[in-house]
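Working notes, beginning with the structure itself.
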Amino acid sequence: MVAQWWRNAVIYQIYPRSFADGNGDGVGDLAGVRSRLPYLRDLGVDAVWLTPWYASPQADGGYDVADYRAIDPAFGTLAEAEALIGEAAALGIRTIVDVVPNHVSDEHPWFRAALAAGPGAPERARFWFRDGSPAGEPPTGWTSAFSGGTWTRVEDGQWYLHLFDTRQPDLNWNHPDVRREHEEVLRFWFDRGVAGIRIDSATMPVKDPAFPEVGESADHPFLDRDELHDIYRGWRAVADSYADGRVLVGEIWLDDPHRFARYLRSDELHSAFNFDFMMRPWEAKQLREAIQSTLDSHAPVGAPPTWVLSNHDVTRPATRYGRVDSSFGFNAKRFDTPTDLARGERRARAAALLTAALPGTLYVYQGDELGLPEVEDLPLDALRDPMHFRSGGVDPGRDGCRVPVPWTRDGVSYGFGDGAPWLPQPTRWGSLSVAAQDADPASMLTLYRSALAMRRSLLRGEEFAWLASAEDVIAFARGDVLCVVNFGAEPVPLPGHREVLLTSAGLDGDRLPTDVAAWLRV
Ligand code: GLC
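Throughout the sequence shown, residue numbering follows this note's numbering, covering 13 to 534 in sequence.
This is the structure:
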């Protein structure tokens, strides 16, 4: 039996462009990541997931891949990627890479060939080229995940489908080349030692070829279609052909927990991100419900639950939890939303202990271990995200959670690199840097290090039991370790215990103050 390391792993998400810049050009790179691997070992992570590092025009932060077998020159070379995988492994850190099956870049050779070949050519069949209506309307009125329509018209009059940006043409998964190519890409990276694949937009690749409008037929024309499961069974066979077991992790945004769990059946994906928990507001009842429904939907398929507080697409928790509406929704993002950062940080600390205490896989997005807030006052001309532009400037976009990480108290980019960073950093970055937090017993970084170390030694199993508690309190036991979080306005007495292991802020005698989490040993 292959050790199922991912079941209770801590997986750290690296957004390479913003993690560390090794060559001083202002853009993070693989040399930067390699230089910081000891930091990740000391933080206590089991694996890193890197968002796309492939050759790309970077129209959507690398989620527009032009060549899956090459590293983007801004990040480095294939040899450096191989070195990184090996060096990480030597420190006990596995590597997960991102694969984007729904679409490629408009600079991918397949799409260039499709454009050059013209209507009806076999090269077009790997994508969704269609004629519009005689009146010049696109084939459907679908809405893009990035706002606006999903079709772009080319010079010869045909339209091509893109569920995201114009520069991300969707692949036709009915085409045998598409399926074969992706299985080969998986093997290419597994052969280079990666331990797993994160599957981007995993519910979107298959389309209804009749192209109905949304709501016109019983199934959704492009979300969660049944044909996907066969594709992922094929991928699972590829992963399982490696004796040490490689892992498939799906990016699955679905409201229905049972539809979600279908992707986690034993011959499909090993694991998937749990966005339900991430989207809920900071309220005991809501989060308790999300935890229970997550445990309930995962148990029958035997997959480990996962816990995610943020990623490169969403508002940082230190900011989100400081708002009147502390839930997350893409459509709700607006400039100038009032935020109480002190409250947000206090809650983000408690949230870190809450999620780290739950059974299953924990994801940590780079910078959350420093308590970085969302940067919401970036100059408009610095913004890059197509989500911002396609919304007509209404949605601030996702650049605010992608600001380069601060490593030192000062310097041109707070130790990110030797050049001016690709997104400007706030002056607060110095005090939030790794150097500033490193030796401070009260820092977020110290809290994360302590929590991950304790999690590794004390929370190894998958046992979980709710404890009776007040409505505004979440309390559960993991063996002889209790986790208690107070969401209410008044301090509450701690349950009986022998030892206080860790708290997210100071206790009030034997009482747990508002927005504080505690780990106790009984
Ligand atoms: C996923 C990625 C996001 C990207 C989108 C299109 O949601 O996380 O960053 O923009 O897919 O590939």
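All C-beta atoms in this analysis are idealised placements derived from N, C-alpha and C, irrespective of residue type, glycine included.
Small disclaimer: the values here were computed from a predicted structure and weren't measured.
Compare the beta carbon distance of residue 507 and residue 479 with 9 angstroms and say whether it is the shorter of the two. By one-based count along the sequence shown, residue 507 stands at place 495. By one-based count along the sequence shown, residue 479 stands at place 467. Closer than 9 angstroms, so yes.
When the distance is taken between beta carbons, is residue 499 closer than 9 angstroms to residue 489? For the purposes of this step, residue 489 is taken as the residue at position 477 of the sequence shown. For the purposes of this step, residue 499 is taken as the residue at position 487 of the sequence shown. Result no, Cβ atoms of residue 489 and residue 499 do not sit closer than 9 angstroms.
What does the Cβ neighbour count give for residue 534, buried or exposed, with the cut at 16 atoms within 10 Å? One-based indexing of the sequence shown puts residue 534 at position 522. It is exposed - the Cβ of residue 534 has fewer than 16 other Cβ atoms within 10 Å.
Euclidean distance between Cα positions of residue 15 and residue 222: Counting from one through the sequence shown, the residue named residue 15 turns up at place 3. Counting from one through the sequence shown, the residue named residue 222 turns up at place 210. Taking the straight line joining both Cα atoms gives about 44 angstroms.
Residue 49 to residue 154, Cα distance in whole Å? Taking the first residue of the sequence shown as 1, we reach residue 49 at position 37. Taking the first residue of the sequence shown as 1, we reach residue 154 at position 142. Within the model, the alpha-carbon separation for residue 49 versus residue 154 is close to 43 angstroms.
To which residues of the same chain is residue 471 closer than 7 angstroms at the C-beta, ignoring the five residues directly before and after it? Here residue 471 is taken as the residue at index 459 of the sequence shown, counted from 1. These residues qualify, in order along the chain: 369, 490 and 493.
Looking only at its own chain, which residues have a Cβ that is under 8 angstroms from the Cβ of residue 509, when we skip the five neighbours before and after it? In the sequence shown, the residue the question calls residue 509 occupies position 497. Counting only residues of its own chain and dropping the five nearest sequence neighbours on each side, residue 509 has a CB closer than 8 angstroms to the CB of 494, 532, 533 and 534.
Out of curiosity, what's the CA-to-CA distance linking residue 167 and residue 67? Start at 1 with the first residue of the sequence shown, and residue 167 comes out as number 155. Start at 1 with the first residue of the sequence shown, and residue 67 comes out as number 55. Cα to Cα, residue 167 sits roughly 26 angstroms from residue 67.
Who are the near neighbours of residue 468 in its chain, counting only those whose CB is closer than 7 angstroms to its CB and skipping five residues on each side? By one-based count along the sequence shown, residue 468 stands at place 456. For residue 468, the CB contacts under 7 angstroms within the same chain, skipping 5 residues up- and downstream, are 56 in chain order.
Given a cut-off of 9 angstroms on the beta-carbon distance, is the pair residue 61 and residue 42 in contact? Against the sequence shown, residue 61 aligns to sequence position 49. Against the sequence shown, residue 42 aligns to sequence position 30. The answer is no: Cβ separation not under 9 angstroms.
Would you check if the stretch 435-442 and the stretch 189-199 touch, i.e. whether three or more CB-CB distances between them fall below 8 angstroms? Fewer than three beta-carbon pairs drawn from the stretch 189-199 and the stretch 435-442 are found closer than 8 angstroms, and the two stretches are therefore not classed as touching.
Given the structure, does residue 367 come close to the ligand GLC, in the sense that its CB is under 8 angstroms from one of the ligand's heavy atoms? As a position in the sequence shown, residue 367 is number 355, starting the count at 1. No, since every heavy atom of the ligand GLC falls outside the 8 angstroms radius drawn around the Cβ of residue 367.
Residue 442 and residue 420: beta carbons closer than 9 angstroms? Position 430 of the sequence shown, counting from 1, holds the residue named residue 442. Position 408 of the sequence shown, counting from 1, holds the residue named residue 420. Their beta carbons are under 9 angstroms apart, which means residue 442 touches residue 420 by this criterion.
I need the DSSP call for residue 40, collapsed to helix, strand or coil. Along the sequence shown, one-based indexing puts residue 40 at 28. Coil, per DSSP.
Enumerate in chain order the residues of its own chain whose CB-to-CB distance from residue 298 is below 6 angstroms, with the five nearest sequence positions on each side excluded. The count along the sequence shown starts at 1 and reaches residue 298 at position 286. Beyond the five residues adjoining it in sequence on each side, residue 298 comes within less than 6 angstroms, by CB distance, of 292 in the same chain, given in chain order.
Could you give the distance in angstroms between the alpha-carbon of residue 387 and the alpha-carbon of residue 360? Working through the sequence shown from its first residue, we reach residue 387 at position 375. Working through the sequence shown from its first residue, we reach residue 360 at position 348. So the alpha carbons of these two residues sit roughly 16 angstroms apart.
Restricting to Cα atoms, I'd like to know which of 78, 346, 364 and 22 is closest to residue 527. For this step, residue 527 is matched to residue 515 along the sequence shown. The residue among 78, 346, 364 and 22 with its C-alpha nearest the C-alpha of residue 527 is 364.
Considering only their Cβ atoms, is the gap separating residue 73 from residue 523 smaller than 9 angstroms? To locate residue 523, count along the sequence shown from 1; it is residue 511. To locate residue 73, count along the sequence shown from 1; it is residue 61. Against a cut-off of 9 angstroms, the Cβ pair of residue 73 and residue 523 comes out as no contact.
Alpha carbon to alpha carbon, what distance is there between residue 151 and residue 107? Sequence index remark: in the sequence shown, residue 107 carries index 95 (1-based). Sequence index remark: in the sequence shown, residue 151 carries index 139 (1-based). One Cα belongs to residue 107, the other to residue 151, and the distance between them is close to 41 angstroms.
With a cut-off of 8 angstroms, do at least 3 Cβ pairs link the stretch 116-132 to the stretch 227-242? Per the Cβ contact rule, the stretch 116-132 is not in contact with the stretch 227-242 (fewer than 3 Cβ pairs under 8 angstroms).
State the DSSP-derived secondary structure class of residue 13, mapped to helix, strand or coil. Position 1 of the sequence shown, counted from the first residue, corresponds to residue 13. Residue placement at residue 13 cannot be trusted, given a pLDDT of 45 that sits under 50; what the coordinates show is reported in the next sentence. Residue state, collapsed to three classes: coil.
Could you give the first and the last residue of the continuous beta strand (DSSP E) run that contains residue 262? Residue 262 sits at position 250 when you count from the first residue of the sequence shown. First-last of the beta strand (DSSP E) with residue 262: 259-262.
DSSP state of residue 126 mapped onto helix, strand, coil: Within the sequence shown, the letter at position 114 stands for residue 126. If DSSP states are grouped into helix, strand and coil, residue 126 belongs with the helices.
CB-CB under 8 angstroms to residue 47, same chain, minus the five flanking residues each way: which ones, in chain order? Numbered from its first residue, the sequence shown carries residue 47 at position 35. 32 and 34, listed in sequence order.
Looking only at its own chain, which residues have a Cβ that is under 6 angstroms from the Cβ of residue 37, when we skip the five neighbours before and after it? Along the sequence shown, one-based indexing puts residue 37 at 25. Correct list, in chain order: 431.
Residue 184 classed as buried or exposed, judged by whether at least 16 other C-beta atoms fall within 10 angstroms: In the sequence shown, the residue the question calls residue 184 occupies position 172. Result: buried.
Less than 9 angstroms between the C-beta atoms of residue 426 and residue 24, yes or no? Here residue 426 corresponds to residue number 414 of the sequence shown, with the count starting at 1. Here residue 24 corresponds to residue number 12 of the sequence shown, with the count starting at 1. Contact: no.
At a cut-off of 8 angstroms, is residue 498 close to the ligand GLC when judged by its beta-carbon and the heavy atoms of the ligand? The residue given as residue 498 occupies position 486 in the sequence shown. Residue 498: no, Cβ never under 8 angstroms from the ligand GLC.
For the ligand SAH, I want to know if residue 73 counts as a neighbour, meaning its beta carbon is within less than 8 angstroms of at least one of the ligand's heavy atoms. Absence of the ligand SAH is noted for the structure shown, with the ligand GLC being the only ligands found.
I think residue 234 touches residue 398, with their Cβ atoms under 8 angstroms apart; what is that distance to the nearest whole Å? Within the sequence shown, numbered from 1, the residue matching residue 234 stands at position 222. Within the sequence shown, numbered from 1, the residue matching residue 398 stands at position 386. About 19 angstroms separates the two Cβ atoms, so there is no contact after all.
Would you kindly check if the distance between the Cβ of residue 315 and the Cβ of residue 273 is under 9 angstroms? Within the sequence shown, the letter at position 261 stands for residue 273. Within the sequence shown, the letter at position 303 stands for residue 315. Result yes, Cβ atoms of residue 273 and residue 315 sit closer than 9 angstroms.
Which ranges does the beta strand (DSSP E) cover as unbroken runs of at least 3 residues, wholly within the stretch 354-390, from first to last along the chain? Listed in chain order, they are 373-377.
Is residue 187 helix, strand or coil by DSSP? Translated into positions along the sequence shown, residue 187 becomes position 175. Coil at residue 187, not helix or strand.
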